[in-house]
Structures are given as structure tokens and as C-alpha cells.
Amino acid sequence: MITIEDYRRVAPPGAVDIVLRLAERMRGRRFLHLSGGRFGGGAAEILQPLVPMLTDLGVDAAWEITGGDPGFYATTTALRAALGGAERLLTDEALDHYVEMNRLNAKKLALEADLVLVHDVQPATLVGHRPAQGRWVWRCHFDCSRPSRRAWTFLRPYVNQFDAAIFSLPKFARRLGIPKYVIAPSIDPLSEKNRELSSREVTQILRALGVAQDKPFLLQVGPFTPAEDPLGVVNAYRLVRKYYNVRLVLAGTVDSERESVETLAELREAAQHDPDIVLLELPPDAHLQINALQRAATIVVQKSVDEGFGLGAAEAMWKGKPVVGGSAGGLPQQIIYDVTGYTVHSVEGAAFRLRHLLNNPELIARMGAAGREHVRRSFLITRHLTDYMALLIHLTR
Amino acid sequence: MTMEPFRFIGCVELRQALDHRATDERELLDRLEDVPAGSIFYHTHGYFLRHRPITTAYGNDFASWVASQVRDQVLAERLAVINPFEFATLEDLREELMSSVHDHLIRLSTVPRVEFGEAFYFQQSHIVEVPLGPAATTLAEFRDALAAVDTSAIYFHMVEARARLGRRSGDFAEWIRNSLGLPALAERIERIDAYMTSLERVRARVLALVDSALEGAAA
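Protein sequences, first through last, are from chains P and G. If you count the first sequence from 1, position 74 lands on 74 in our numbering, and the numbers rise without skipping. Counting the second sequence from 1 gives a position; our numbering is that position plus 397.
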């Protein structure tokens, strides 16, 4: 089992000592997380390692999830999309049912704690049933700055019942009547997705994926959706290909949304005519494969045009790779321009920066090293743990 | 002279988003006037805690934003050169920042604004103090603890203590002068220029001065 002491070899010097000191002050206090599920990305991905770490540190940490019927899940999925700015049909009946299901959840769950962190949309209305004691904080993991009016009108009165809210970036927040804290998400450097791999392991995994290592390759990891702009990456690669004998690997997941299916069809078409475009359709839990691909890549691309925080850039930088990324979401916060990579605004910009890096291999190594150091100081789970414990101490003093 | 042990204190910076933002230099000027003093502190002194390990390009968030998002190099240079450690109060610092933006704007016919970049989002911070390690009672113990302590402790004792807590000499110099009775060493530490460098370099400079004092005492 991984313990906090294991992070000493990856975290900045002194960071684990700060964690241990904060934990001493939190002993005896209950820290409850409420989320919509235990699996998948977003809140669940970070809570999986974080809650056991808190327990290991002697904090009375707990993680409860809300449940419901298919109608509950359909409504919360639609509400989440609408809060992210998409148009969705949200009827009064469906929203009433969501609130009612959480009334039943409130009866089943032990909600007493010194600090309750409510993650995202599914458990949000539980705040209407908060006990008299304890501080409640809404942790919003997505960009909530441009919600559909209907969705925000519904949720805002609930959000204002919290003592505070946390957003990943200031620009993701809406005007609220409560304090808004800013805590960036993080990666777990000891997880399957980010742990060290030997070159033999990398070679074996790439062989199993059918990715040859006979030439440099550019990599983008992410869902095959227009938001991630994989077609733009193909166009940038084609501009680079005129000058450099490189391969493009696009690794991602597919969902059943029409736009995603159409994007994938176009990517398949492109790959059919160019053997150096490798399309890998991976399951959501292909963490080790993504780890190996990022370690083997020459440069990692994250050319999103619509993005949340987008931790893929931090994952790649942790593996010592420069990142050429879009300017959306949290990418400008992760990629320090001209230091750890480049943010770009167009296909041409991506191609130009990829050529620039391929033409200056010493830059690839230098930016890769700077990127790893930047992630070590700003985006590791130890920093995230520190921020949460400091927040608890700040709010309950 | 009273002998008090030195206790290193690290810190965690909790960031709070404010409902103020700027998309052009006029709005930057207006918001600079409105925001709490804590926000001025966060975007100037706080910059040292967040950015320095990688880059020392601008010196504060305002200059960084004007350079990278508005792309106005002239104002960026004028803001970057403002050394927050030179000002006795945050209100004096606010005044200097505002007058730099104002002087720049009156020479222009149009207000430079963000075209393709991001708005400036004003924030402030709450510092949670974290006592670290055993207390030092001698210069040698102080030296060993300083070499190993988290960089946030360098920030707390050299920046936070001076700028926000009113201990103008900084905690290291104050303790060395008052508890160890070494005014010459204290003065040299007090003179370390923390502007436009990293917390690690500040640590290295304090260590070099302490090592030199320890060698002198042993000789």
C-alpha cells in the first residue's frame, strides 16, 4: 500500500513535512466528501487516492456517494452539461425528481462532519439537508462561467446555501454570494497513469498497442471530440510532415454522441490514407497504456479548443515532455509559454511550434525538464492534499 | 538580550477569487483602486511564492498579464520594475502601480486591451501558518534547519513577515540580532535583495552568510 512517505521521492523537498504538520492539526476532525460515484474521471479520479491518504494521515476522512434511479442520473447528466454551457431540456418535473432523490439520499447518508466537500452536480442539493454543525463547501470541477440560464437559475440558490465554493480557476467561477476559493486539480505521480516505467515496460506496451518506435512520434491523448480538435492535430501534423519524418499517434475514447462518432469517422479516413497516423481507441481505464505512450512520445500535443482544466498537459510534462497546447481552459496555467512548451491558437501555430521544437532537439530536453519541475511544484496530489487541509483549518478555526 | 529559540513556520496560500476582472488597461487601473489591499499583496509579493522556481520574467502578476495577454511591452516594463519591497505599506504600493498605469494611459490615444488572450482575474490569499520542525537555539542549529525547510518558510519569514506582518527586518535578521546578538550578520541578511530572484536563491544567500559567520567564529 502506498503511504504519504512514498511521496517524499517525488514531491518537492519539505512538501511531505507540511502535509504531516497540517494532518496533526486535523486529527479528530471529520472530513466528508460527497460525490456522484466512485469511478471515472474528475472528482472520483482524485478522491480514489486522496481519501486513503487522509485516512493514513490520521484524519477522520470519509467518502459517500449519492444514488438514484435512471431519471435521477439522466437529469444530473443533463444539468451538468447545461451548467457547462450546452443546451439541454430540463423540465420542472425532472428537476423536482432530482431534488426528491437527494432528499432520500440525505436520510441514508451520515452527513455530520467538520467539513463537507460536495463534488459537482449530483450531490449538490444535499446542502438543503445540511446539519446545524459543520462547514459545507461546493467543489465545482468544471467550467461553470457560461451556464445555460435555466440551469444556473435552478442551481444558484443551492450553491448560495454553502459556506464557500471551490473552482479550479478564477475564470471558471460565476458571481456568488459566498467566498470562492481557487484550488487547481492535480495528478497522482504514483498512480498507474503516472508512475515511473522502465524502457522495457514502455517498449512492451507500445508493441502490444501496435505503435512502432522506429521514428519520433507526436502524441495527443483525449476523447475524439471536436472540443479536443484531433482533426486540427492531423492538419498540423501534415504541415510538419513535409519537413520531418514523424508519426502521429492519437489515443482516446469514443462516446456515442453524434459529433464524436463523426469525428472518429473522419480520423479513420485520414489514418487509412497515411500509415503514419495511428489511431488508438482505448477504454477509459487504459492508464498504463497512456503512461507508456506519453513516455515514448517526442512531443505531446493538447490542441483543445474547448477544455476544462485539461490535466493531460500536466501528465505529459511530468514525463518530461514539452507540450504544444491550445489556449483553452487550464492549458495556459499549465504550459508556461516558451519555458515548458507553447500555447497556440491555430493549426498553423501548432505546426510552427512542433517544427520549431523538432528543429531544436536541445529545447525538447530543456523544456521537458522545466515542465517536470513545474508539475512537481504545482500539480501533484501532495499540493492538492495540502490545499484541502489548509482550507479545512481556515474554515473551521 | 533575550534568548528565544527560532521556530520555522511554513505556510500554505489559500487563493480566493474576487468579483473583479479587467480586460483592458483602463479597467486594470479602475480595479487597482477598488480591490482590497490583500489583492495587491497577492499579485505582487505573492508572485514570489508561486512563480519563481521556473521563471523570474516579470516580478508581479500585473506586469505578467500586460506583457503576455495585452501584449503591451511598454507598460509591462514599467510595472515589472516596481519592487514591492521598497514600499512601507500596501497602500503606497497600490498608489505606485496606479500611477504607472495612469501615466502610461494619458500618453495613448486608445486603451490597449486583450484581443486574443485572457482577462485579468483579481484574487487575494489567506495564509495558513504551519509550524515546522524543532526550534533552533544556536546559529548552527538554525543553519541546519534552514537548509532543509520547505521553501514556503523562506517566503513566510522573508516576505510575509516583512510586507504583511509589519516585521520590517524579516524574522531571520530579527532573531539573529535580538536572540544571538549578532548585529553584523543580521544586517547582512536584512540587505539580501529578494526581488527578481527565487526563494531557493534567497535560501542559498542566507546560508552562505551564516556559513561564513560560523567559519569566522570557529577560526
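Even for Gly, the Cβ is constructed at its ideal location relative to N, Cα and C. These numbers were taken from a predicted model, which means no experiment stands behind them.
- In this structure, DSSP gives residue 12 of chain P a state outside helix and strand, which the three-state scheme calls coil.
- Across the set P:33, P:59 and P:60, the C-alpha of P:33 shows the shortest separation from the C-alpha of residue 48 of chain P.
- Straight-line measurement puts the Cα of residue 360 of chain P at about 36 Å from the Cα of residue 552 of chain G.
- Rounded to whole angstroms, the gap between the alpha carbons of residue 320 of chain P and residue 215 of chain P is 18 Å.
- The count of Cβ pairs closer than 8 Å, one atom from the stretch 164-174 of chain P and one from the stretch 243-259 of chain P, stays below three, leaving the stretches out of contact.
- When C-alpha distances from residue 419 of chain G are compared across G:411, G:455 and G:466, the shortest belongs to G:466.
- Within the stretch 306-373 of chain P, the alpha helix (DSSP H) runs of at least 4 residues that lie entirely inside it are, in chain order, 312-318, 331-334 and 347-359.
- Partner residues in the beta bridge of residue 138 of chain P, as assigned by DSSP, are P:118 and P:165.
- The beta-carbon of residue 407 of chain G is placed less than 8 Å from the nearest beta-carbon of chain P.
- At a cut-off of 8 Å, the C-beta of residue 521 of chain G has no neighbouring C-beta in chain P.
- Boundaries of the beta strand (DSSP E) around residue 60 of chain P: 60-65.
- Closest in alpha carbon position to residue 368 of chain P, among P:316, P:106, P:344 and P:350, is P:316.
- Nearest CB-CB separation between residue 143 of chain P and chain G: not below the 8 Å threshold.
- A contact is defined here as three or more CB-CB pairs under 8 Å, and the stretch 291-310 of chain P meets this definition with respect to the stretch 343-360 of chain P.
- DSSP places residue 230 of chain P in the uninterrupted alpha helix (DSSP H) bounded by 230-241.
- Chain G places no beta carbon closer than 8 Å to that of residue 156 of chain P, leaving this residue out of the contacts.
- Annotation for residue 472 of chain G: the continuous alpha helix (DSSP H) segment containing it runs 470-477.
- The stretch 49-59 of chain P makes no contact with the stretch 90-97 of chain P; the number of CB pairs closer than 8 Å stays below 3.
- Of the residues assessed, residue 470 of chain G falls on the exposed side of the cut-off, its CB having fewer than 16 other CB atoms within 10 angstroms.
- The three-state secondary structure of residue 214 of chain P, taken from DSSP, is coil.
- Under DSSP, residue 528 of chain G takes part in a beta bridge, and its partners are G:406.
- Rounded to whole angstroms, the Cβ separation of residue 484 of chain G and residue 476 of chain G is 14 Å, and the two are not in contact under 8 Å.
- Taking a Cβ-Cβ cut-off of 7 Å, residue 306 of chain P has no neighbours in chain G, whose nearest Cβ is about 15 Å from it.
- Per the C-alpha coordinates, the member of P:328, P:382, P:393 and P:347 positioned closest to residue 142 of chain P is P:328.
- Residue 35 of chain P is bridged by DSSP to P:65.
- Leaving aside the five residues that flank residue 25 of chain P on each side, the residues in its chain whose CB is nearer than 7 Å to its CB run, in chain order, 393.
- For a Cβ distance threshold of 9 Å, residue set 327 and 345 of chain P lies close to residue 513 of chain G, ordered along the chain.
- For residue 342 of chain P, no Cβ of chain G is located within less than 8 Å of the residue's own Cβ.
- Sequence-ordered contacts of the stretch 174-186 of chain P with chain G read 175, 179, 180, 181 and 182 [C-beta pairs closer than 7 Å].
- Put simply, the CB of residue 384 of chain P is far from chain G, with every gap to its CB atoms at 8 Å or more.
- For residue 287 of chain P, the closest alpha carbon among the candidates P:190, P:125 and P:147 is that of P:190.
- Using a Cβ-Cβ distance cut-off of 8 Å, the stretch 128-143 of chain P and the stretch 151-170 of chain P are in contact, since at least three pairs of beta carbons, one from each stretch, lie closer than that value.
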